[in-house]
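Novice:
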Amino acid sequence: MGFFKEVGRQVEQFKRTAREAADEEETRQCGACGTRSNADYDECPECGAPSTEE
Numbered sequence: 001m002g003f004f005k006e007v008g009r010q011v012e013q014f015k016r017t018a019r020e021a022a023d024e025e026e027t028r029q030c031g032a033c034g035t036r037s038n039a040d041y042d043e044c045p046e047c048g049a050p051s052t053e054e
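Numbering follows the numbering used here, with no gaps: position 29 of the sequence shown is 29.
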């Protein structure tokens, strides 16, 4: 396998793993729009609703 093809495969695997890890860490969900986040915000970062709930 060529060098760039192998590096591209590794990058895609890393992106997939990072996305899965981020999804597992999402612990809060906005009651207004349903956006999930792993941080505690006073306002939803997506829709601006006043608070998020667990």
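The C-beta atom is built at its ideal place from N, Cα and C for all residues, glycine as well.
In this text the structure is predicted, and so the values were computed from the model without any measurement.
1) Apart from the five residues just before and just after E6, which ones in its own chain have a Cβ nearer than 8 Å to its Cβ?
2) Which residues in the same chain as A32 place their Cβ atom closer than 7 Å to its Cβ, once the five residues preceding and following it in sequence are excluded?
3) Rounding to the nearest angstrom, what Cα-Cα distance links A21 and E12 in this structure?
4) If you drop the 5 nearest sequence neighbours on each side, which residues of the same chain put their C-beta closer than 8 Å to that of R19?
5) Which residue marks the beginning of the beta strand (DSSP E) containing C30, and which one marks its end?
Specialist: According to the data block:
1) none
2) C44, C47, A49
3) 14 Å
4) none
5) 28-30
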